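Numbering (our numbering), first residue to last: 6 to 188.
Given below as structure tokens:
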């Protein structure tokens with residue numbers, strides 16, 4: 006029977022896993038308390054947080070929230086980065102923190118929608134443009150053909166109007182010429 010403290014830890018991990026859109030596992034060996042505080046602060050700025058977790062408790066919590074595949078990326082002393090608002094920003098902040106600080110922190114994997122991520126997947130995810138930029142690209146991609154269609158239709162309508170105006174002038178000239186000939 007688990008102790009109350011362990012039960013509370015599992016419940017906390019369950020809550021974090023259930024709310025998170027992404028979970029990135031890291032090997033945090035060699036990090037100082039100051040380093041971990043700096044990482045927490047940086048992650049907090051993008052709506053993410055980091056939690057050190059015991060493997061057995063993390064596996065139990067993952068199983069309870071139907072994210073069993075997290076066990077595939079858990080290994081050794083683990084700290085889990087939970088991203089609640091976006092999948093890309095926590096990965097970007099974590100990889101940038103590792104690159105800039107040159108600390109022994111390393112990514113061991115991740116999980117998005119119960120799909121395990123390799124280290125390469127997390128690194129690739131970190132290089133994606135921000136969500137707003139991606140949405141702008143999608144909207145621009147949709148808008149471009151529509152704008153082309155509108156331009157083509159405007160061209161057709163403009164050509165039709167020009168042809169009708171030319172025909173009106175032609176008929177006026179013919180009526181004016183016929184009226185002058187009969188006078």
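Backbone N, C-alpha and C fix where the C-beta goes; we use that ideal spot for every residue, glycine too.
Given the structure is predicted, the values throughout are model-derived calculations rather than measurements.
| Check | Outcome |
| --- | --- |
| Whole-number beta carbon distance between residue 51 and residue 92, since they are thought to touch under 8 Å | In fact, because the Cβ distance is near 11 Å, the residues do not count as touching under 8 Å. |
| Residue 153 (DSSP reduced to helix, strand or coil) | helix |
| Alpha helix (DSSP H) runs contained entirely in the segment 42-122, provided each spans 4 or more residues | 60-69 and 93-106 |
| Collapsed DSSP secondary structure at residue 128 in the structure displayed | helix |
| Alpha-carbon to alpha-carbon, residue 58 and residue 72 | 15 Å |
| Burial state of residue 114 (16 or more Cβ within 10 Å) | buried |
| Residue 177 to residue 166 span [Cα, whole Å] | 16 Å |
| Boundaries (first-last residue) of the alpha helix (DSSP H) holding residue 18 | 9-24 |
| Proximity to residue 62 [Cα-Cα], best of 12, 86, 32 and 108 | 12 |
| Distance CB(residue 96)-CB(residue 130) smaller than 8 Å | yes |
| Per DSSP, the bridge partner or partners of residue 32 | 83 and 111 |
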